[in-house]
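Residue numbers (full-length UniProt numbering): 1 to 620.
A short write-up of the structure that comes next.
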Ligand SMILES: Nc1ncnc2c1ncn2[C@@H]1O[C@H](COP(=O)(O)OP(=O)(O)OP(=O)(O)O)[C@@H](O)[C@H]1O
């Protein structure tokens with residue numbers, strides 16, 4: 001059989017024959033339909049019988065039963081045990097559901113499907129047994145077959161996933177016309193998935209078209225689909241400039257505010273896990289990792305910046321390995337309700353903001369020397385060594401000095417887990433501080449509604465507006481795009497709505513220091529195990545006992561520091577202290593130099609006798 005190339009000329013080569021450079025030339029070949037139009041119509045007919053096999057299944061069952069019954073009857077009435085054995089085998093399989101069967105047909109896990117299957121197998125095997133003996137057309141056999149088929153066809157055709165499958169097929173079959181009407185001639189729908197809010201499809205464009213053309217064609221596509229304004233979203237597909245993801249939002253999950261639901265349990269979360277701040281419009285959670293990342297929240301007035309900041313604070317407060325400081329230059333209006341959950345009184349004016357940021361830089365430097373001395377590269381947050389977040393509402397209001405300090409934290413704070421969460425309306429260079437690079441250090445960026453399109457690039461970074469991250473059309477507060485590691489497509493999200501009462505409840509539930517309540521005493525956290533200045537002068541509850549322990553071991557004389565002294569500086573109980581000391585010893589960072597005497601392992605000293613078996617080298 002000769003094949004034709006794409007211009008219709010006969011090709012001398014069969015399908016797949018290597019070209020001049022060993023390249024297969026099958027791209028240029030389409031199969032020739034021999035036999036003219038009749039063959040074509042017949043071909044399409046059989047294709048349709050196969051494509052719509054699920055919908056046509058009841059007809060196939062009926063035909064199968066009559067053909068099978070006729071064959072068995074013709075073979076002899078004594079063949080009746082055959083359908084009985086087949087039916088029993090089917091029932092046994094359904095009852096015991098071997099793994100191979102379940103992994104191929106997971107639907108069999110549903111009891112309704114099994115009930116239907118049991119009835120179906122019983123009916124078919126009984127009917128075939130009788131048909132083998134008396135014949136498939138004897139008596140009322142035909143009527144019974146039709147009635148039984150109709151009975152089993154109803155639940156089969158009404159099945160929810162069958163309905164979905166049909167909808168997907170209709171979408172896919174009609175898509176070439178829709179794309180044509182929208183000016184994307186030649187585009188194909190490769191796959192589609194339905195969910196409760198709408199559907200998402202993967203589209204492949206004609207060769208030479210770029211996915212950004214689909215962004216321009218969104219209004220035309222909406223019209224061609226007969227959808228409401230703003231119902232369609234276009235997102236790029238990684239590694240394929242000629243494809244995109246088309247999302248139709250039939251029911252907008254963001255049309256109503258999504259209420260904040262506090263999580264039970266106190267301080268049992270960890271910042272090493274992503275935190276959930278809202279819901280994407282396909283109903284999935286927006287989970288963002290805040291660990292070792294600076295965060296920027298930008299948006300116009302009333303776009304919901306403070307609301308989002310409150311949600312983030314509430315989530316951070318749930319983490320036991322987090323410490324928080326706050327700067328709120330709106331006279332503490334936004335952050336004061338959080339005072340009890342913060343590890344330091346809120347800075348509400350330019351001077352106290354400078355002091356707080358200077359303390360942040362000092363903390364950062366202490367942590368950096370600690371890491372260097374202990375041969376580690378990154379701060380691993382723990383309850384005793386929390387990640388420190390400095391939250392700044394209205395960053396643009398900071399003084400120049402404060403902005404320089406914040407810039408220093410932005411540049412150096414990530415590895416040591418001293419990070420910034422900044423909210424501002426327009427992060428222009430002036431607002432972020434002339435001569436500083438704070439904006440470029442922000443890895444996670446939330447962009448709420450903005451009034452001017454160029455503000456999108458200002459908040460999210462150059463080129464984002466052109467890539468479809470336009471937030472000027474966001475119509476309700478709390479809606480945003482978030483960009484960051486692993487979040488490089490513009491998916492619309494909406495933050496939870498958190499009320500003032502929710503904020504108060506969360507702050508009470510996760511109070512760090514009861515004595516720093518609204519209007520609480522400043523710098524008064526000097527008592528208790530996690531309070532007070534560490535021996536290294538670290539701020540209470542931030543650097544924590546871990547650094548105090550390390551400083552004491554480092555400062556210890558050659559004969560070591562006593563366990564009693566270490567307990568005093570860290571506030572640890574004996575068991576906890578020995579757990580930490582033994583861990584440091586295992587890492588080669590601390591050594592026991594005598595009974596109950598420890599110090600850091602120094603490069604210049606040979607390892608001392610390790611006194612294995614010393615009862616005090618194990619927690620009691
Ligand atoms: N996620 C949300 N869902 C529903 N409503 C919200 C949400 N976030 C904020 N709002 C509402 O929007 C209004 C403005 O919110 P918010 O004060 O957070 O905005 P803002 O951007 O901080 O404003 P400004 O810059 O003026 O301080 C408030 O009435 C708030 O209740």
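Even for Gly, the Cβ is constructed at its ideal location relative to N, Cα and C.
Item	Value
Does the count of Cβ pairs from the stretch 373 to 381 and the stretch 413 to 424 closer than 8 Å reach three?	yes
For residue 436, collect the residues of the same chain with a Cβ closer than 7 Å to its Cβ; drop the 5 residues on either side in sequence, then sort them by chain order.	403, 404 and 407
In whole angstroms, what separates the C-alpha of residue 589 from that of residue 389?	28 Å
Taking 5 Å as the limit, tell me which residues put their C-beta closer than that to any heavy atom of ligand 1, in chain order.	257, 301, 302, 303, 304, 305, 306, 307, 477, 478, 495 and 497
Quick one, which of 209, 234 and 210 has its alpha-carbon nearest residue 221's?	234
Helix, strand or coil for residue 591, going by three-state DSSP, please let me know.	strand
Mapping the DSSP letters down to three states, classify residue 182 as helix, strand or coil.	coil
Under DSSP, the alpha helix (DSSP H) around residue 142 begins and ends at which residues?	141 to 158
Within 10 angstroms of its Cβ, does residue 78 collect 16 or more other Cβ (buried), or is it exposed?	exposed
Under a Cβ-count criterion, where at least 16 other Cβ atoms within 10 Å of its own Cβ denotes burial, should residue 346 be classed as buried or exposed?	buried
Whose CA, out of 230, 197, 65 and 151, lies closest to the CA of residue 129?	65
Name, in chain order, the residues that DSSP records as bridge partners for residue 328.	393
For residue 326 versus residue 448, is the C-beta distance shorter than 8 Å?	no
Could you pull out every residue in the same chain whose Cβ sits closer than 6 Å to the Cβ of residue 639, ignoring the five residues on either side in sequence?	Nothing can be reported for residue 639, as the shown portion of the chain is limited to 1 through 620.
Helix, strand or coil for residue 596, going by three-state DSSP, please let me know.	coil
For residue 484 and residue 444, what's the separation of their Cα atoms in angstroms?	4 Å
At 4 residues or longer, what runs of the alpha helix (DSSP H) sit wholly inside the stretch 175 to 257?	212 to 216 and 218 to 225
Mind checking which residues open and close the alpha helix (DSSP H) that includes residue 572?	Per DSSP, residue 572 belongs to no alpha helix (DSSP H) and is neither H nor E.
On the DSSP letters alone, give me the boundaries of the alpha helix (DSSP H) that residue 312 sits inside.	305 to 317
Following the continuous alpha helix (DSSP H) through residue 65, name the residue where it begins and the one where it ends.	53 to 75
If contacts are defined as beta-carbon pairs under 8 Å, then residue 176 and residue 116 qualify, I think. What distance do you get, rounded to the angstrom?	Their Cβ separation, rounded to whole angstroms, is 36 Å, which puts residue 176 and residue 116 out of contact at 8 Å.
Quick one: which unbroken beta strand (DSSP E) runs of 3-plus residues sit fully inside the stretch 435 to 492? Chain order, please.	442 to 447 and 479 to 483
Thinking residue 460 and residue 481 are a contact (beta carbons under 8 Å), I'd like their distance in whole angstroms, please.	7 Å
Nearest-angstrom Cα distance between residue 164 and residue 318?	40 Å
Alpha carbon to alpha carbon, what distance is there between residue 208 and residue 105?	41 Å
Leaving out the 5 sequence neighbours to the left and right, which residues in its chain are closer than 6 Å to residue 289 when beta-carbon positions are compared?	274
In terms of DSSP beta bridges, what is residue 285 paired with?	279
Between the alpha carbons of residue 594 and residue 324, how many angstroms are there, rounded?	39 Å
I'd like to check one pair, residue 456 with residue 409: are the Cβ atoms closer than 8 Å?	no
Could you check the C-alpha separation between residue 458 and residue 393 for me, to the nearest Å?	18 Å
Under the three-state reduction of DSSP, which class applies to residue 497: helix, strand or coil?	strand
How many angstroms separate the CA atom of residue 242 from the CA atom of residue 486?	21 Å
Could you give the distance in angstroms between the alpha-carbon of residue 508 and the alpha-carbon of residue 572?	25 Å
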